[in-house]
Amino acid sequence: MTTQIPFVDLLADRAELGPELESAMARVADSGWYLLGPELERFEQEFADYCGTRYCIGVGTGLSAIELALRAAGIGPGDEVIVPAYTWIATWLAVTRTGARPVGVDVEAETYNIDPGLIAAAIGERTAAIVPVHLRGEPADMDAIGAIARAHGLAVIEDAAQAHGARHRGRRVGGLGAAGAFSFYPSKNLGTYGDGGAVTTDDEAIADQVRLLRNYGMKNRYEIEAAGVNSRLAEIQAAVLRTKLPHLDDWNAARATVAERYRQALRENDAVALPRSPAWADPVWHLFVVNLAERDSCATALAEHGVQTLVHYPLLPHLSPPYLGSGSAPGDFPVAERLADSTLSLPMYPQLDPDLCDQVAGALVALKSS
Ligand SMILES: Cc1ncc(COP(=O)(O)O)c(C=O)c1O
């Protein structure tokens, strides 16, 4: 019988850390303090230390992390914000929620991240910020992006939702711009049992403003200073994250082992192209993505072999209903549009047995050679 290989295994960390997770959750339940309490404060300190930033502010989702970081950096109605064309729509929606307009830029065919060479042409009088995304756990080219941002006086807010622990020239993402935004959605490299997010920053004013905005804009009890939102990282989620954080580096290393196994098995196959990781990047393999013709029929055939795959992302933000007809059109971002038609994400999670990668890669190679 063929082994069924899921895309992710969200129960695997419970098998590893079950009793610790149970006692962390019970600690919160028994404490009677469920929001904005000691677990969150400790997690914020621990995650800031991990990312190498002075501050971390827990929020309700990754989407709000980007939105609130942008708002705290002064972005709002009338502004334009540069975003990659190939990303999860949350990056674009977060900009829209600030009242600013997202302006797409195509991505590099090799890394799938925003192409710094195309950013200057997208900068106009209203441009106020760039949101690079470290997609798949692969750091964007922050040196080139930072240089453009400095030359034009733009804020850089990193969308690090898929890249907890990734390094750019040895420095962790989240601390490479004015602020970083993380998601703790369950399947992320660091995920919780529900929604969660965080903003990381070295800038005290940004940190204070995000802290204010996440809790209705409330300075002191019932004293509202700004039109904030309700976007808090619950104590129970913070306790789960605190239990998992010490294991993140080991889990990222296990993901790298899985990725290496796939790379070895697929490297000689011309029909299956793999993205490139620059020498200065230490990616954390949130996804392992291959690029191939007849992607959809390959996905169906792999499913018949027991291999679950996903497509990130078949419909790009600029072609989605919220943005269609509002400035960009089909054909505007040829590299991103080609990727949307040809990329396939293979099973990837730290506990995936590397031997099973050979089964996945073997099934893929057999399909492409038949
Ligand atoms: C690149 C990217 N940005 C932003 C988000 C938004 O995070 P969340 O789902 O926690 O709101 C996600 C995850 O879904 C993401 O993958």
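When we follow my numbering, the leftmost residue of the sequence shown carries the number 354, and every step to the right adds one.
Just so it is clear, CB atoms sit at the ideal spot from N, CA and C, and this is done for glycine as well.
Note that this is a predicted model, so its numbers are computed, not measured.
DSSP three-state label for residue i, please.
i: residue 599; result: helix
i: residue 440; result: coil
i: residue 430; result: coil
i: residue 454; result: strand
i: residue 361; result: coil
i: residue 474; result: helix
i: residue 462; result: coil
i: residue 616; result: helix
i: residue 720; result: helix
i: residue 480; result: strand
i: residue 705; result: coil
i: residue 587; result: coil
i: residue 370; result: helix
i: residue 489; result: helix
Comparing alpha-carbon positions, which option in the options lies nearest residue i?
i: residue 390; options: 370, 423, 590; result: 590
i: residue 473; options: 451, 444, 504, 486; result: 504
i: residue 691; options: 647, 709, 640, 617; result: 647
i: residue 672; options: 663, 492, 665, 685; result: 685
i: residue 368; options: 460, 720, 502, 703; result: 703
i: residue 416; options: 447, 422, 409; result: 447
i: residue 625; options: 695, 580, 668; result: 695
i: residue 709; options: 634, 614, 519; result: 614
i: residue 360; options: 378, 719, 706, 722; result: 706
Checking 8 Å against the spacing of the C-beta atoms, do residue i and residue j come in under that value?
i: residue 481; j: residue 548; result: no
i: residue 676; j: residue 670; result: yes
i: residue 523; j: residue 535; result: no
i: residue 642; j: residue 628; result: yes
i: residue 645; j: residue 701; result: no
i: residue 441; j: residue 588; result: no
i: residue 612; j: residue 638; result: yes
i: residue 437; j: residue 467; result: yes
i: residue 408; j: residue 560; result: yes
i: residue 422; j: residue 582; result: no
i: residue 375; j: residue 595; result: no
i: residue 668; j: residue 662; result: no
When burial is assigned at 16 or more other CB atoms within 10 Å of the CB, is residue i buried or exposed?
i: residue 363; result: exposed
i: residue 435; result: buried
i: residue 515; result: buried
i: residue 602; result: exposed
i: residue 698; result: buried
i: residue 584; result: buried
i: residue 397; result: buried
i: residue 687; result: exposed
i: residue 605; result: buried
i: residue 577; result: exposed
i: residue 506; result: exposed
Suppose only complete runs of 3+ residues qualify. What are the beta strand (DSSP E) ranges in the region 374-426, listed by chain order?
408-412
- Which runs of the alpha helix (DSSP H), 4 residues or longer, sit entirely within the region 495-520? 495-505
Enumerated in chain order, which unbroken segments of the beta strand (DSSP E) with a length of 3 residues or greater are wholly contained in the region 536-581?
550-554, 571-573
- Message: Please give the ranges of any alpha helix (DSSP H) in the region 618-695, keeping only runs that are unbroken, at least 4 residues long and fully inside the region.
- Response: 648-657, 687-695
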